[in-house]
Amino acid sequence: LRDWFKALYEVLLGASQGPRFGGFIALYGVEETARLIETALADQPAA
Numbered sequence: 003l004r005d006w007f008k009a010l011y012e013v014l015l016g017a018s019q020g021p022r023f024g025g026f027i028a029l030y031g032v033e034e035t036a037r038l039i040e041t042a043l044a045d046q047p048a049a
């Protein structure tokens, strides 16, 4: 689970650590957070 969050922070923030994800969602909202994730993943090369 820790590695999953690390990867998520790398995609969203370009860092391996960040704010607690619940707080991040509370700040940005669910829809905006989902949009950020979708946008970031679309910009990533396929593995």
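This note's numbering runs 2 ahead of the 1-based position in the sequence shown.
Using N, Cα and C, we set each Cβ at its ideal position, and we do this for glycine too.
Point to revise | Asp5, DSSP secondary structure in three states | key: helix
Point to revise | Helix, strand or coil at Glu12 according to DSSP, with G and I counted as helix | key: helix
Point to revise | Nearest-angstrom Cα separation, counted from Arg4 out to Leu15 | key: 16 Å
Check your understanding: Is the Cβ-Cβ distance between Ala42 and Val13 less than 7 Å?
Key -> yes
Point to revise | Where Gly25 sits in the DSSP three-state scheme | key: helix
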